[in-house]
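Protein chains in written order, with this note's numbering: chain H, 1 to 256; chain A, 257 to 761.
The beta carbon of each residue, even a glycine, is placed where N, CA and C say it ideally should be.
Note that the structure is predicted; figures quoted are calculated from it, not measured.
Everything below concerns the one structure shown next.
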Amino acid sequence: MKNIKYILMATVLLLLYSCKEEYYLYNDIKRIQFGPDIARIYTPSYNLADTTKGYTFFYDNASKQIDTIFFDIYAIGGVSTKDRSFKLEQVAVPGAENAVSGKHYRPFNDASLVSKYMIKAGAVHTKVPVVMLRDASLKTTTVTLKFQIAENENFSAGEPSNLWRKAVFTDRLSQPNSWDAWMTQYYLGKYSVVKHSFFIEKSGQKWDNDFILLIRANFAELGYWKGMVKAALITYNAQNPGNPLKDETGEIIVIP
Amino acid sequence: MKNRFIYILLIASVLTSCFKDKGNYVYTEHEEITVTGIAASYDKISLVDKITIDPTVTSNKPGAEFTYWWGLYETSVQGAVPKVDTLLRTKAIDYLVVQPAKGWVLVFGAKNIKTGYTKIVTSNINVITQFTRGWYVAKTESGKTDLDLYTTPTTILPVGKVENVFSLANGRKLNGKANSLRFYSDYKSLTGTSFLNTRALFVVTDEDASVVNIGTIKEIRDFNGLFFNAPSIKKPDILCNGAQSFFFINNGRLYSIYNMSSNTGQFGISQMINEYNSDYKLSKFFYTPGFSNPLFFDELTSTFYSAGGASLQLTSVRDAATTKMPANNNNKNLLYLGFKTTAAAFGVFQDKTNPNLRILSTITPNINSLLMINDTLAVTEKLYGATMHTLFNGDENMMYFVVGNEIWSRNLSNRFEQLQYTVPGDESISFIRHQKYTVSSDAPFNYNYVVVATKKGDTYVIRMFTKTSGNLNPAPAFTITGKGEAGDIIYMSPSVGGSTYPNTL
């Protein structure tokens, strides 16, 4: 009986011990990982923010052939007295129109970018530029560039959930980053290119990322623009009886 | 078994021995610092008056040595955290007030450097200007509206007059005929880099509107600036508040600002009446208790509606089970709707099919259960032919109304009608109002008047009557006259707040 008791206790202890995950201590070796904007690093709810960023050349002049979006990356394990390069590599996304290196984006090993993929001496943070190229194919497609950290002589990989980022870009009208789940639920409804075009046509505004960020900072103004496009949609539907405005998938457009 | 208890007791005693004794065994008397010579409040004119105080500071501890500081912070702040500005670090203060006209709090601190003990004393500072106290009359001359200010330095009776203060401050007059004046203490205007509560007076005409800072009469926003996208037709009807919101009816359409969230003091899109955005035309008559959503009336469908400030669509009003008239599609014209109390209103209706049918309705203005008790008016009753009306705000259960050149009263409890005053034959009545001001901290300026405004040639005459048991006293308490025709009058003081006067016609 006594033996059974000891065996049971040992089993429980073993089970408890086995529940412990292996955590990085971050004071052993130098690691690197992506993260939120530096203003948000102490806000836990933003830990997994900015994993995907969208962009469109749609609003730009034809003369603009390249543009850059930035992600935040953080070195872990302390600063260094020397500049430390880090390495990125593309990851194919099954089922997606994957961006083609040199065609849709400047390769990560391009000479012009090598100095950018660097944690400067004395620093632990930098902005990672992704240079997008306005290829003609973007007029008809939206491409995805998923990339991840590749270990090198300076850094090992950091937290697994923060080792990758994704840029989704096109030369067509596309869903701005700020037209997010909250905006969708409470203000603008489900995104569609037809709805987006309708907003632009009726309001004379771009409804791009900057515009939405501007109006969502002021509930009164956000309410105004929502009401404006909602009234325009009602008018459109009233002028087209039996043929309400539908999106590119045939779904009737609704503004909550 | 016994050993186990002994072990437990031993462990418990070892653990409790770890507790530190944090008892306070200092039995000396607490220090008491006394500050005298600072009043509870001061009225100061910005850029003119100084705060001059030399308080007496004593301590019950012998040999106390003090350091001092004075600070100032503003009150009624929304959307920002008020910051205490240190004014100086001496015992006596002689400080020229430069702050804008509104409420501030003066803070005095005295610290005994020997004990570290500090005493804080505060005092309310009402920063005022020549514009912050007096009677404002919105008046119209040659199709343009301006403000006349009647100053009241010591009592409610005016002793001085500054004509056309709006155009003096802003270099222009408002277009159209003076309609109404409304005051709010929490209208958001740009102050520095933030939109903060501002004591603001709205001047509304039948063609224009402006909101001014009551401390300076400087325009904060003109009609176009009051909207994110100004209506193409400028035809203001009314402005009112309710449920932390402002409402503006222009050309029968409702615009709103929800004032509990950050905003820029601009009205949004015209609210829709239904999901089809059908046409509607709200009456200029409305009811608002101030703290909950108002009651509006659509003249096209003869239907009552309510509205929220953050909403994009008017809210339906439901009937009480015992109502004598439906809130929706009641086939009536609304001739008058006014505020009696925060729970009672009265309306006068005319049937659309039979215009000879007129009704006085006692209304319990609950938008979820609107109760209307109707009293059909006989042609012989004076109220039947009334052209203007007013109710006594919280006072006697009476309605005053205008028939021709006569002011009549009607006891709303027993229908008794009585002639109260006949204006001289060469005058025509512009408006009647009941206005009272009962702020106890401003007692010398308290009043309770029935206001009778008339037009006499090119001048206005405003008689302020006191009343006894609901009846006008024979002679007005005072009369003011000026150029033009008066459209509204309001008494302003630093103690007037957004809820001092009911929003009603």
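According to the Cβ coordinates, are residue i and residue j closer than 8 Å?
i, j, result
"I252 of chain H", "V194 of chain H", "no"
"T756 of chain A", "V695 of chain A", "yes"
"N382 of chain A", "S441 of chain A", "no"
"S501 of chain A", "F219 of chain H", "no"
"G524 of chain A", "M748 of chain A", "no"
"N630 of chain A", "K608 of chain A", "no"
"S302 of chain A", "A366 of chain A", "no"
"N549 of chain A", "G498 of chain A", "yes"
"S725 of chain A", "E662 of chain A", "no"
"Q569 of chain A", "L591 of chain A", "no"
"T314 of chain A", "G293 of chain A", "no"
"K429 of chain A", "S423 of chain A", "yes"
"F484 of chain A", "E201 of chain H", "no"
"V131 of chain H", "T68 of chain H", "yes"
"K533 of chain A", "T141 of chain H", "In the sequence under discussion, the amino acid at residue 533 of chain A is Asn, which differs from the Lys named in the question. In this structure, T141 of chain H does not lie closer than 8 Å to N533 of chain A by Cβ."
"T218 of chain A", "P621 of chain A", "Because residue 218 of chain A is not part of the residues shown, which for chain A are 257 to 761, the question remains open."
Can you check which of these residues, the options, is closest to residue i by C-alpha distance?
i, options, result
"D682 of chain A", "A:D714, A:T323 and A:F364", "A:D714"
"T396 of chain A", "A:W664, A:V377 and A:G740", "A:G740"
"I255 of chain H", "H:T249, H:D210, H:S192 and H:D110", "H:S192"
"F552 of chain A", "A:G594, A:K306 and A:T579", "A:G594"
"L413 of chain A", "A:A742, A:S697 and A:I718", "A:I718"
"L510 of chain A", "A:T520, A:T290 and A:N530", "A:N530"
"F687 of chain A", "A:V393, A:K317 and A:I289", "A:V393"
"T346 of chain A", "A:L626, A:V337 and A:F322", "A:F322"
"K139 of chain H", "H:I149, H:N109, H:S174 and H:E153", "H:S174"
"Y471 of chain A", "A:G359, A:R428, A:A465 and A:T284", "A small correction: the amino acid at residue 471 of chain A is Gly; Tyr does not occupy that position in the sequence shown. Looking at the Cα atoms, A:G359 is the closest of the given residues."
"K166 of chain H", "H:E89, H:K82 and H:Y59", "H:E89"
"Y55 of chain H", "H:G250, H:F169, H:F211 and H:W225", "H:F169"
"S625 of chain A", "A:R574, A:S697, A:S669 and A:N515", "A:R574"
"F542 of chain A", "A:I623, A:K491, A:K474 and A:T410", "A:I623"
"N507 of chain A", "A:D462, A:N515 and A:D478", "A:D462"
"A375 of chain A", "A:K300, A:L446 and A:T290", "Here residue 375 of chain A is Lys; the residue named in the question, Ala, does not match the sequence. Measuring from the Cα of K375 of chain A, the nearest candidate turns out to be A:T290."
"W664 of chain A", "A:L633, A:L728 and A:L627", "A:L728"
Just mark residue i as buried or exposed, buried being the case when its beta carbon has 16 or more other beta carbons within 10 Å.
i, result
"S512 of chain A", "buried"
"P241 of chain H", "exposed"
"Q185 of chain H", "exposed"
"N585 of chain A", "exposed"
"F672 of chain A", "exposed"
"Q386 of chain A", "buried"
"A238 of chain H", "exposed"
"A577 of chain A", "exposed"
"E330 of chain A", "buried"
"K127 of chain H", "exposed"
"K20 of chain H", "The pLDDT assigned to K20 of chain H is 49, lower than 50, so where the model puts this residue is not dependable, and the model offers no usable value."
"I286 of chain A", "The identity of residue 286 of chain A in the sequence shown is His, whereas the question assumes Ile. Result: exposed."
"L352 of chain A", "exposed"
"P680 of chain A", "exposed"
"V604 of chain A", "buried"
"G78 of chain H", "exposed"
"I149 of chain H", "buried"
"P36 of chain H", "buried"
"W182 of chain H", "exposed"
"A583 of chain A", "buried"
Per the DSSP calculation, residue i is bridged to which residue(s)?
i, result
"Y561 of chain A", "A:F552 and A:S572"
"M720 of chain A", "A:V707 and A:F734"
"I525 of chain A", "Paired residue(s): none; I525 of chain A is not in a bridge."
"M581 of chain A", "DSSP lists no partner for M581 of chain A."
"I349 of chain A", "A:I309"
"G359 of chain A", "A:N382"
"A167 of chain H", "H:K53 and H:L145"
"D247 of chain H", "The partner list for D247 of chain H (beta bridge, DSSP) is empty, contrary to what the question assumes."
"W326 of chain A", "A:L344 and A:F364"
"A456 of chain A", "A:Y440 and A:N469"
Taking 8 Å as the threshold (beta carbon to beta carbon), is residue i in contact with chain D?
i, result
"M528 of chain A", "Looking at the structure shown, chain D is missing, and the protein chains on hand are H and A."
Item to check | the region 449-465 of chain A / the region 405-413 of chain A touching (three or more Cβ pairs under 8 Å) | outcome: Under the 8 Å Cβ criterion, the region 449-465 of chain A does not count as touching the region 405-413 of chain A, having fewer than three qualifying pairs.
Checklist entry - Can we say the region 70-83 of chain H touches the region 125-140 of chain H, given the rule of at least three CB pairs closer than 8 Å? => result Because the criterion of three Cβ pairs below 8 Å is met, the region 70-83 of chain H and the region 125-140 of chain H touch.
Next on the checklist: Would you call the region 632-641 of chain A in contact with the region 603-620 of chain A, where contact means no fewer than 3 C-beta pairs closer than 8 Å?
Outcome noted: With the rule of 3 Cβ pairs closer than 8 Å, the region 632-641 of chain A counts as touching the region 603-620 of chain A.
Item to check | Three or more C-beta pairs below 8 Å linking the region 89-107 of chain H and the region 28-38 of chain H | outcome: With a cut-off of 8 Å, the region 28-38 of chain H and the region 89-107 of chain H do not count as touching, because too few Cβ pairs lie within range.
Next on the checklist: Taking 8 Å as the cut-off, does the region 313-322 of chain A touch the region 427-442 of chain A (at least 3 CB pairs, one atom from each stretch)?
Outcome noted: no
Checklist entry - Touch check for the region 101-111 of chain H and the region 158-165 of chain H: three-plus C-beta pairs under 8 Å? => result no
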